[in-house]
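Following: one structure in C-alpha cells, then a few remarks.
Number of protein chains: 2
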Amino acid sequence: MAKVTKLSGFPEWLPDGRIAELTVLDTARRIFELHGFASIETRSVEPLEQMLRKGEIDKEVYLLRRLQASEGEADPGLGLHFDLTVPFARYVLENAGHLEFPFRRYQIQKVWRGERPQDGRFREFTQADIDVVDRDTLAFHHDAEMAVVMATLLAELPIPRAIVQVNNRKLAEGFFSGVGADDTAAVLRNVDKLDKIGPAKVTDLLVSDAGLTPAAAQACLQLASIRTTDTSFVEQVRALGVRNDLLEEGLDELARVVAAANAVVPGAVVADLKIARGLDYYTGTVYETQLVGHENVGSIASGGRYDSLASDGRQTYPGVGISLGVTRLVSVLLGRDLVSVSRSVPSAVLVAVIDEEQRVASEAVATSLRARGIPCEVAPKADKFGKQIRHADRRGIPFVWFPDAGGDSVKDIRSGDQASADPSTWNPPAADLHPTVMTVAQEESP
Amino acid sequence: MAKVTKLSGFPEWLPDGRIAELTVLDTARRIFELHGFASIETRSVEPLEQMLRKGEIDKEVYLLRRLQASEGEADPGLGLHFDLTVPFARYVLENAGHLEFPFRRYQIQKVWRGERPQDGRFREFTQADIDVVDRDTLAFHHDAEMAVVMATLLAELPIPRAIVQVNNRKLAEGFFSGVGADDTAAVLRNVDKLDKIGPAKVTDLLVSDAGLTPAAAQACLQLASIRTTDTSFVEQVRALGVRNDLLEEGLDELARVVAAANAVVPGAVVADLKIARGLDYYTGTVYETQLVGHENVGSIASGGRYDSLASDGRQTYPGVGISLGVTRLVSVLLGRDLVSVSRSVPSAVLVAVIDEEQRVASEAVATSLRARGIPCEVAPKADKFGKQIRHADRRGIPFVWFPDAGGDSVKDIRSGDQASADPSTWNPPAADLHPTVMTVAQEESP
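Going line by line, the protein sequences match chains H and B. Under the working numbering, think of the first position of the first sequence as 347, with each following residue one higher. Under the working numbering, think of the first position of the second sequence as 347, with each following residue one higher.
Below, the structure written as C-alpha cells:
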C-alpha cells in the first residue's frame, strides 16, 4: 500500500502513505514537546571538513556543485548532512552564547547518504532526534530519560511492539580488557557482526583478528548473549568471573538506566549486551531498538552518549541522544501492510453543488464547517448527486452535505443514513474528523 | 531576535525563532487541510534533464556528486529541486493511476537555489505550496479558491496585513497585442521591471527593446498602473480603448477571481495589473502577495495557472497553485522584530527536584502532567530552589512545581503566586499551555 519508489533509495509515498508518515511525525513531535524538548532545524549542508571529522562516514556524503559554476570557480566545499548529530554539535558551538544549558532539543529532518540502497537503507530519509547537551558535565539520569522518551513514543504509534535495547561501552570495553584484549575496538567491531555472520565465525575472528585466546573469545560471546528485562544481567556478568574497574562502572550505569526506565515504561527497555552501535563514537550508554517480528529491518531507533558531543577547545559539551528512523519505520509499515489508513484526504465532508450558479451557497456551508475545525471540500463540478457521492467515496470522505434552500441535509455514505443538518452546529463523530491510521492485525505464525 | 546565519544564504533560527516558524508551518497545514488538500512530499532530488525543461532556471541548480565516486563512475545526474512545482508535476505523471482527480495537494518542503543570496533571497528555503490539478480541463473556480485559501491563511498568522494581488496573462498579452506588440513576452519582461527601474526607463525599453510605438508604450504603462479592490478595473481598462478577444477573456477571468475572493475574504485580494510573475510559464491567472509596510522584501506568496502543469504526451494535466515563501516571511518577522515569542521551550512547567534520591517523585509528577497533555520537564539538578526557579525563568517557563510528601504546590514565577496543587487535576491557564507568538505593535511612521 501507498509505497512508490521510482528512483532507487529516494522513497516517496502516495497520499495515504503520507498520512501514516504524518502520524509518526506528529506523535514524535507531541511526545518530544511533552518532555520539554525544543525544536530546531539546521541547514541541510555542512562544510565538508566539518563532516569528515566524524571519520569513516566520508564515503557516503553527497557533495554540491553549482550547475553553472564558472571555470575556475572555487568549489563551495559543501555536502548534504548524513545525520543530525554533526550539524547539532556545530549549532551548539556556534550559538552557545544564546542557548540555555542543559539544552534539550528535538530535530526532525531529512538526511542523505550516497550509499547503495538496500531494504531499510535509503539515500534520502527522515530522522527524528532528541538530544540533551550540557557544558562540562551532563547528569547521568538523562541516559535513562532518552530510553524512556523513545519507548513512550513507540508505544503511542500504530506499530508492532518495539523494544529499546540498551548496552554500555564501558561495560563492554572493561570486560574485553578484563579478559586480556589489547585492542578492545577490534573486539567490539567483531562482536558487532554477530547478527550477520553468527557466533562461530565471530569466535574465529576474535582469535585471528582481535588476538584473543579461545577462552577469552568464548567469554566475550557469553557476554554478548546476555539479555535481561531487569538488572539481573549484573549477576550474569559477574558469574563470568571477569574483574575490571571500567566493567564495574559500566554495569552500574546500565543497571541504573534499566531500573529507571522500567519504573516508567515497564518491559519496554531491556539490557542487551551484544548491542555495539557500529563504530560510532559513543562513550557510555548505547541504544538500539527492535520492532518485534521485524528484527530483520535493523534498529528503528538508535543512539548513545558522547562524552564530547562538541568541543571548541576551551569548553566541552557532553551529550546523550536517540534517533528514530522515521523513513525506515514507515517503509516497514507500508511495505508489509502493517497499517491501514481510513482515507486519503483530510476532508471529512464533501459539500455537494446543486448547479454552478449555486456554488456560492456550497462555499458558504464549507466556510461555516471550517470555522469550527471540520475539514471539507466543495465538489469540483455540479454533476448529478450520484456522481458527486462517488467522488467522495473514491477518496474515503465519509459525509456528503446537500445544501437546500428548504433545509440542508448530510448523508453518511457508508451507512446511507441521511439527516437534516445545520452547518453552524453539525459535527461529525470525533473518529471521523481526521483520517486515522490503524494497526492491521497480523496472522499468527504457525 | 532569534536569527542567526553563519553560512550565507542558509538561514538557521534559534529556538524562539523556530517557534515562530512552526507557528507559520502549523497554521499553513491547518488551513490547507481544512480546505481538503492532502499532504505529499517528494524526494529532494530530480534528474537534471527533468528540471532543465522549465527553462531559464538552470543557472541556479545544485548538482550532487558522491564524495567517494570512483574514477569513471557515471555522474548520477541529480540536482536538488529548486521549487515544488516541477517535482509535483513529475509525481502526478508517475502516480496518475493511483490518484483521484482533481487532485488537491499541499507540500511543505525545503528547496535550493545556487544563486547569490540577498535580502529575502536564500540558497535553502522552505515553501508551502497548494495546487489543484485535473486531467484535460480544470474548472476555473479553483483560480479564485487559491487566492481565498492563501488570504485566509495569511489572515490567521501573527504578521502585518497581507494583500494578494491578482492579474491574468491573457489580459496582459491581449492588451499588448491590441496595442500592436509583436513580441508580447518582451513587453511582459520589461513591464516586470517597473518596481526596479521605474516607469521612465520601462517606457524607453518598451520602445527600444519591445518595438512598441511611444503611444503603445504609454498605454502599457497605464494598464500596469491599474489596481482596484473590486471589479472596477474592467471599466478602467476599457477606458484605454484597446480591443482584443484575448484581453476580453482575461478581463472576464480576473473579474471572476476578484469577485469570488472578495465574497469570502473582503479586502484581502486585489486586481493589480502590473503583476507579471517573472518569466514563469503561467497561462492565465497569476498571484503575488505584498506584506503591507514591507513591500521591499518582495512577494511572500506567488503562483498562477498552468494550462499544462504536466503532460505525458497523451494526457495533459492543467493546474493552478500558490506558494507561501515561509523562510522569506519568517526572516522578515524575525529580522525586523515584528513578533515576540512567549518562551523558548515547549515546557509549561518545571518540576523541581528536592534531592537526587527523590527525583523519582518529580518524574512521577511530570508523567502525570504529560498524561493530560501538559508539556513539562524535570529540573536537571537538585539545586537550591532559587536556582531551579532561575532555571525556569531563563527559559520563560511560567510554572515551577514543588513535590512535597505533605502536599504538592505550584508557583507562577511571574506573579510569585503559589498554591497547593494535585498533578492529576491541575491545569495551567490555556494561554500558558504552549508558547505563543504575538505581533509586536509597530511605531507609526511620522
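Quick reminder that beta carbons are idealized off the backbone N, C-alpha and C, glycines included.
Closest by C-alpha distance to Glu392 of chain H, out of H:Ala435, H:Ala366, H:Phe356, is H:Ala435.
In the displayed model, Gly596 of chain H falls within a helix according to three-state DSSP. For Gly639 of chain H, the closest alpha carbon among the candidates H:Thr549, H:Ala787, H:Thr431 is that of H:Ala787. Runs of alpha helix (DSSP H) with 4 or more residues, each lying fully within the stretch 488–554 of chain B, are found at 515–524, 530–537, 540–554, listed in chain order. In its chain, beyond the 5 residues on either side, Met784, Val786 have a beta carbon closer than 6 Å to the beta carbon of Ser686 of chain H. In terms of CA proximity to Leu380 of chain B, H:Ala694 leads the group H:Ala694, H:Leu670, H:Tyr408. Assignment of Ser385 of chain B by DSSP, reduced to helix, strand and coil, places it in the strand class. Out of B:Arg451, B:Ser390, B:Leu675, B:Pro433, the CA that lies nearest to the CA of Arg469 of chain H is found in B:Ser390. Between Asp658 of chain H and Leu439 of chain H, the C-beta gap is smaller than 8 Å, which places the two residues in contact. Residue state for Thr785 of chain H is assigned as strand, using DSSP reduced to three classes.
Of B:Thr530, B:Arg573, B:Arg412, the smallest CA-CA separation from Ala518 of chain B is found for B:Thr530.
Counted as a single uninterrupted DSSP element, the beta strand (DSSP E) harbouring Pro664 of chain B occupies residues 662–671. Glu387 of chain B places its beta carbon less than 8 Å from that of Gln453 of chain B. The alpha-carbon of Leu424 of chain B is positioned some 9 Å away from that of Met397 of chain B. Per DSSP, Ala694 of chain B lies in no alpha helix (DSSP H) segment and is marked neither H nor E. The stretch 369–380 of chain B and the stretch 449–464 of chain H do not touch, with fewer than 3 CB-CB distances between them shorter than 8 Å. Here the C-alpha atom of Phe731 of chain H lies approximately 15 Å from the C-alpha atom of Asp763 of chain H.
If you check the CB distance, Arg573 of chain H and Asp626 of chain H do not come in under 8 Å. Secondary-structure assignment with DSSP links Thr574 of chain B through a beta bridge to B:Ala617. Excluding the 5 residues flanking it on each side, Gly587 of chain B has no same chain C-beta neighbour closer than 6 Å.
Within the same chain, Val537, Leu540, Leu619, Lys620 come within 7 Å of Ala570 of chain H by CB-CB distance, once the 5 residues on both sides are set aside. With a minimum length of 3 residues, the unbroken runs of beta strand (DSSP E) contained wholly in the stretch 409–451 of chain B fall at 424–426. At least one CB of chain B lies nearer than 8 Å to the CB of Ile386 of chain H.
Against chain H, the CB of Pro448 of chain B has a partner CB under 8 Å away; the residue lies at that interface. Taking a 10 Å sphere around the C-beta of Asn642 of chain B, we find fewer than 16 other C-beta atoms and assign the residue as exposed.
Not a single C-beta of chain B is nearer than 8 Å to the C-beta of Lys757 of chain H.
Contacts with chain H (Cβ-Cβ distance below 7 Å) from the stretch 462–485 of chain B involve Glu470, Ala485, listed in chain order. Using a 10 angstroms sphere on the CB of Ala561 of chain H, the tally of other CB atoms stays under 16, which defines it as exposed.
Straight-line measurement puts the Cα of His487 of chain H at about 43 Å from the Cα of Val691 of chain H.
Taking Phe356 of chain B as the centre and dropping the five residues before and after it, the same chain places the C-beta of Phe468, Arg469, Glu470 closer than 8 Å to its C-beta, in chain order. For Ala374 of chain H, the uninterrupted alpha helix (DSSP H) run begins and ends at 361–380, by DSSP. Residue pairing by DSSP places Trp772 of chain B opposite no residue, since no beta bridge is assigned to it. Closer than 8 Å to the CB of Asn441 of chain H there is at least one CB belonging to chain B. Apart from sequence neighbours up to five positions away, the residues of its chain that approach Pro721 of chain B with a beta-carbon distance below 6 Å are Pro692, Ser693, Ala694, ordered along the chain. Contact annotation: Tyr633 of chain B and Ala647 of chain B have beta-carbon atoms nearer than 8 Å.
Under the Cβ criterion (8 Å, minimum of three pairs), the stretch 551–568 of chain H does not count as touching the stretch 590–604 of chain H.
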